[in-house]
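Undergrad: Per my numbering, residue 6 is the first one in the sequence shown, and the count goes up by one each step. Virtual Cβ for every residue (Gly too), placed ideally from N, Cα, C.
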Amino acid sequence: MSQEVLINVTPRETRVAVVENGSLQEVFIERSRRRGLVGNIYKGQVSRVLPGMQAAFIDAGLARTAFLHASDIAAVDAALEAGPQPTPDIGRLLKEQQAVLVQVIKDPIGSKGARLTTHITVPSRYMVLLPGNPTVGISARIEDAGERARLRALGESFLEGSEGCGFILRTAAEGVSEEALTRDREFLLRLWRSIQVRAAAAQPGTLVHGDLPLVLRVLRDLVSDDIERVRIDSRENFDRVVAFCEQFLPDIVPRLEHYPGERPIFDLYAVEDEIQRALERKVPLKSGGYLIIDQTEAMTTIDVNTGGYVGHRTLEETIFKTNLEAAQAIVRQLRLRNLGGIIIIDFIDMDEAEHKRQVLRALEKALERDHAKTQISGVSALGLVEITRKRTRESLEHVLCEPCPACGGRGNVKSAETVCYEIAREILREARQFDVEKLLVLAAQEVVDLVLDEESDSFAELEEFIGKPIEFQAEPLYTQEQFDVVLM
């Protein structure tokens with residue numbers, strides 16, 4: 006399976022595309038004005054404790070106070086000497102104005118502030134350091150039993166002299182030599198010591214340790230043996246990446262490539278067109294079916310339709326084939342659009358239990374390639390499949406778009422006919438309250454055209470009823486819903 010990483014760098018924006026067999030699978034965007042915060046470590050100060058929510062608001066120097074739940078506080082065991090409780094008492098863990106070292110685990114999304122934890126983790130290429138948690142974990146993606154045993158033995162040997170820190174061996178550690186893993190361990194311990202020194206000297210509300218910029222994060226976290234090459238269209242950033250990789254990720258260096266072409270790098274595999282399509286509700290399937298994807302505050306819903314696909318055999322077979330294709334397309338859209346939280350999929354109803362099982366299995370198999378943590382339920386009594394996907398950053402739509410100023414994000418506007426009737430009601434209201442000579446209505450061109458054409462008789466009767474002349478004026482800058490009734 007051929008995979009490439011394309012990196013497009015401009016002074017204000019960095020974009021990374023993961024392409025698999027010529028098809029865009031994931032895209033990451035980071036802008037200088039709004040960089041991601043996940044992984045950053047701050048010295049925060051408790052601004053407010055909320056016992057009813059078992060949480061606290063932390064001032065970490067960000068635009069909005071951040072949220073820390075009791076379950077994300079590392080000192081839980083020490084604070085609960087009285088005995089185990091279902092939920093730790095936040096009032097016994099934190100006090101207002103208390104300084105606390107925290108790490109961002111979820112970026113601010115919408116109106117919500119960042120989500121924090123005191124379970125600090127410091128990642129590198131092969132391992133993740135767990136300060137204060139002297140345990141060893143092995144990536145679940147490493148399936149070979151012998152390799153898991155080797156890595157566990159190495160990880161347990163690393164615990165000695167690790168100053169109370171533990172380690173998670175990442176997927177990239179599979180097959181890596183003991184020498185390389187030892188270097189990774191020493192690097193992580195040195196980095197953690199420097200973080201502790203900076204944290205001790207820092208004032209509350211300041212950044213103690215920032216995670217790597219997007220390009221280097223992608224190389225650290227995503228580039229595996231499956232990636233054939235990494236192309237970067239900026240010579241300056243290419244040189245910087247090579248220097249970084251030579252020091253920390255030497256196995257990646259041969260796969261790095263500077264792209265000097267005049268044609269934009271994202272045009273090589275029509276990435277720009279794919280990004281545009283990822284902002285649309287409707288996703289066509291090759292068979293002629295299609296998906297409808299609606300993203301809301303609470304959840305994302307995905308509806309599967311056969312569309313123009315009529316199949317060659319029975320209706321059940323047509324539905325089964327469409328659902329199988331949809332399962333692959335849905336997982337790609339989840340990754341491409343970075344959809345998180347609760348996702349409800351409405352597959353086309355299938356009668357045969359074996360078809361349901363195969364579609365669910367196809368969905369699970371496709372999700373195995375997803376880097377984000379996902380959980381999937383079976384088919385519900387209503388024929389729906391529920392997925393939860395870990396959300397750490399905003400979706401592609403939220404990064405690239407903002408709510409429509411005409412409809413306020415509803416996705417539709419009132420019809421010109423509806424606005425006409427609203428204008429009539431407002432005229433009646435104003436005419437009864439104020440003694441005026443005439444009324445001037447300012448509205449969008451579409452509304453004025455309707456008033457002067459199909460609704461002319463209605464407004465003539467209204468003029469006669471109130472005994473005042475009504476004039477209409479088209480305002481080119483008004484949206485269809487906007488209007489003003491001016492008393493003259």
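Compute the Euclidean distance between the alpha carbons of Leu164 and Gln108, then round it to the nearest angstrom.
TA: Counted from its first residue, the sequence shown places residue 164 at position 159. Counted from its first residue, the sequence shown places residue 108 at position 103. Cα-Cα distance, rounded: 23 Å.
Undergrad: Counting only the same chain and skipping the five closest in sequence on each side, list residues whose C-beta sits under 8 Å from that of Pro139.
TA: Position 134 of the sequence shown, counting from 1, holds the residue named residue 139. So the list reads Leu164, Ser167, Gly169, Cys170 and Gly171, once near-sequence residues are dropped.
Undergrad: Would you check if there are 3 or more beta carbon pairs closer than 8 Å linking the segment 231-239 to the segment 258-268?
TA: Touching, yes, given that three or more Cβ pairs across the two stretches are closer than 8 Å.
Undergrad: In the DSSP assignment, what are the bridge partners of Pro128?
TA: Locating residue 128 in the sequence shown gives position 123, counting from the first residue. According to DSSP, which records beta bridges pairwise, Pro128 is partnered with Val133.
Undergrad: Opposite Leu261 in the DSSP bridges: which residues?
TA: By 1-based counting over the sequence shown, the position of residue 261 is 256. According to DSSP, which records beta bridges pairwise, Leu261 is partnered with Val235.
Undergrad: Assess, as a yes-or-no matter, whether the segment 267-278 is touched by the segment 42-62 under the definition of 3 or more beta carbon pairs within less than 8 Å.
TA: Output reads no: the segment 267-278 does not touch the segment 42-62.
Undergrad: Please report the residue range of the beta strand (DSSP E) in which Gln494 lies.
TA: The requested residue 494 does not occur in the structure, where the chain is confined to residues 6 to 493.
Undergrad: Answer yes or no: do Val127 and Ile63 have a C-beta to C-beta separation smaller than 8 Å?
TA: Against the sequence shown, residue 127 aligns to sequence position 122. Against the sequence shown, residue 63 aligns to sequence position 58. Going by C-beta atoms, Val127 is not nearer than 8 Å to Ile63.
Undergrad: Contact defined as beta carbons within less than 8 Å: I believe Leu193 pairs with Ala178. What is the distance between those atoms, to the nearest angstrom?
TA: Position 188 of the sequence shown, counted from the start, is the residue given in the question as residue 193. Position 173 of the sequence shown, counted from the start, is the residue given in the question as residue 178. The Cβ separation is near 13 Å, so there is no contact.
Undergrad: Please name the residue, chosen from Lys117, Tyr131, Arg434 and Leu135, that lies closest to His124 on a Cα-to-Cα basis.
TA: Walking along the sequence shown from the start, residue 124 turns up at place 119. Closest by alpha carbon: Leu135.
Undergrad: Under three-state DSSP, which class holds Tyr426?
TA: Indexing the sequence shown from 1 puts residue 426 at position 421. Of the three classes helix, strand and coil, the one that applies to Tyr426 here is helix, per DSSP.
Undergrad: In terms of residue numbering, what span does the beta strand (DSSP E) encompassing Ile12 cover?
TA: Mapped onto the sequence shown, residue 12 falls at position 7. Ile12 -> beta strand (DSSP E) spans Gln8 to Val14.
Undergrad: From the DSSP output, which residues share a beta bridge with Tyr47?
TA: Mapped onto the sequence shown, residue 47 falls at position 42. Its beta-bridge partners are Val107 and Leu212.
Undergrad: Need the endpoints of the beta strand (DSSP E) that Lys497 sits in, please.
TA: Outside the displayed range of the chain (6 to 493) lies residue 497, so it cannot be described from this structure.
Undergrad: Under the assumption that Ile298 contacts Val288 (Cβ atoms under 8 Å), give the Cβ distance between them as a whole number of angstroms.
TA: Here residue 298 refers to the residue found at position 293 of the sequence shown. Here residue 288 refers to the residue found at position 283 of the sequence shown. Right, their Cβ atoms sit about 6 Å apart.
Undergrad: Nearest-angstrom Cα distance between Gln338 and Gln30?
TA: Here residue 338 corresponds to residue number 333 of the sequence shown, with the count starting at 1. Here residue 30 corresponds to residue number 25 of the sequence shown, with the count starting at 1. Cα-Cα distance, rounded: 8 Å.
Undergrad: Identify, in the order they occur along the chain, each residue of the same chain with its Cβ nearer than 8 Å to the Cβ of Ser229, setting aside the five sequence neighbours on each side.
TA: Translated into positions along the sequence shown, residue 229 becomes position 224. Taken in chain order, the residues that qualify are Thr176 and Ala177.
Undergrad: What residue does the alpha helix (DSSP H) around Ala367 start on, and which one ends it?
TA: The residue labelled residue 367 in the question sits at position 362 within the sequence shown. Ala358 to Leu372 is the extent of the alpha helix (DSSP H) around Ala367.
Undergrad: Measure the Cβ-Cβ separation of Ser400 and Leu344 and say whether it is below 8 Å.
TA: The count along the sequence shown starts at 1 and reaches residue 400 at position 395. The count along the sequence shown starts at 1 and reaches residue 344 at position 339. The answer is yes: Cβ separation under 8 Å.
Undergrad: Could you tell me whether the segment 441-451 touches the segment 405-415, where touching means 3 or more Cβ pairs closer than 8 Å?
TA: Contact between the segment 441-451 and the segment 405-415 is absent, because fewer than three Cβ pairs lie under 8 Å.
Undergrad: Looking at Arg222 and Asp216, is the spacing between their C-beta atoms short of 8 Å?
TA: Here residue 216 corresponds to residue number 211 of the sequence shown, with the count starting at 1. Here residue 222 corresponds to residue number 217 of the sequence shown, with the count starting at 1. Contact: yes.
Undergrad: Which value, in whole angstroms, describes the spacing of the CA atoms of Arg153 and Ile143?
TA: The count along the sequence shown starts at 1 and reaches residue 153 at position 148. The count along the sequence shown starts at 1 and reaches residue 143 at position 138. Answer to the nearest angstrom: the Cα atoms are 7 Å apart.
Undergrad: Among the residues of its own chain, which have a CB less than 7 Å from the CB of Gly88, if the five just before and after it don't count?
TA: As a first step, residue 88 is located in the sequence shown; it is residue number 83 there, counting from the start. Annotation note: pLDDT 48 at Gly88 (below 50); position unreliable, no value reported.
Undergrad: Pull up the DSSP beta-bridge partners for Gly346, would you.
TA: As a first step, residue 346 is located in the sequence shown; it is residue number 341 there, counting from the start. According to DSSP, Gly346 bridges with Arg394.
Undergrad: Can you tell me which of Arg245, Ile350, Phe249 and Asp278 puts its alpha carbon nearest to the alpha carbon of Leu296?
TA: Taking the first residue of the sequence shown as position 1, residue 296 is located at position 291. Out of Arg245, Ile350, Phe249 and Asp278, Ile350 has the C-alpha closest to the C-alpha of Leu296.
Undergrad: Look up Gly142 in the DSSP assignment and give the residues it is bridged to.
TA: By one-based count along the sequence shown, residue 142 stands at place 137. Looking at the DSSP assignment, Gly142 forms a beta bridge with Ile173.
Undergrad: For Leu98, count neighbouring Cβ atoms within 10 angstroms of its own Cβ and tell me buried if that reaches 16, exposed if not.
TA: Working through the sequence shown from its first residue, we reach residue 98 at position 93. Per the 10 Å Cβ criterion, buried.
Undergrad: Between Ile432 and the rest of its own chain, which residues show a CB-CB distance below 8 Å, the 5 nearest in sequence each way excluded?
TA: Here residue 432 is taken as the residue at index 427 of the sequence shown, counted from 1. Closer than 8 Å at Cβ, skipping near neighbours: Leu444, Val446, Leu467, Ile471, Ile475 and Val490.
Undergrad: Is the CB-CB distance between Gln59 and Ile110 below 8 Å?
TA: As a working mapping, residue 59 is identified with position 54 in the sequence shown. As a working mapping, residue 110 is identified with position 105 in the sequence shown. Not closer than 8 Å, so no.
Undergrad: Can you round the beta-carbon distance between Val32 and Ile280 to whole angstroms, since I take them to be within the 8 Å contact cut?
TA: In the sequence shown, the residue the question calls residue 32 occupies position 27. In the sequence shown, the residue the question calls residue 280 occupies position 275. The Cβ separation is near 6 Å, so the contact holds.
Undergrad: Asn26: buried (16+ other C-beta within 10 angstroms of its C-beta) or exposed?
TA: The residue given as residue 26 occupies position 21 in the sequence shown. When all chains shown are included, Asn26 counts as exposed.
Undergrad: Is the distance from the Cβ of Ala79 to the Cβ of Gly118 below 8 Å?
TA: By one-based count along the sequence shown, residue 79 stands at place 74. By one-based count along the sequence shown, residue 118 stands at place 113. In this structure, Gly118 does not lie closer than 8 Å to Ala79 by Cβ.
Undergrad: Restricting to Cα atoms, I'd like to know which of Glu184, Ile147 and Glu191 is closest to Leu174.
TA: Residue mapping note: residue 174 aligns to position 169 of the sequence shown, counting from 1. Minimum Cα distance to Leu174 is reached at Ile147.
Undergrad: Along the chain, where does the beta strand (DSSP E) that runs through Phe33 open and close?
TA: Position 28 of the sequence shown holds residue 33. Ser28 to Arg36 is the span of the beta strand (DSSP E), which, as asked, contains Phe33.
Undergrad: With DSSP run on the structure shown, which of helix, strand or coil describes Phe439?
TA: The count along the sequence shown starts at 1 and reaches residue 439 at position 434. Of the three classes helix, strand and coil, the one that applies to Phe439 here is coil, per DSSP.
Undergrad: Using 10 angstroms around the beta-carbon of Ala436, count the other beta-carbons present and answer buried if the total reaches 16, otherwise exposed.
TA: As a first step, residue 436 is located in the sequence shown; it is residue number 431 there, counting from the start. Label assigned to Ala436: buried.
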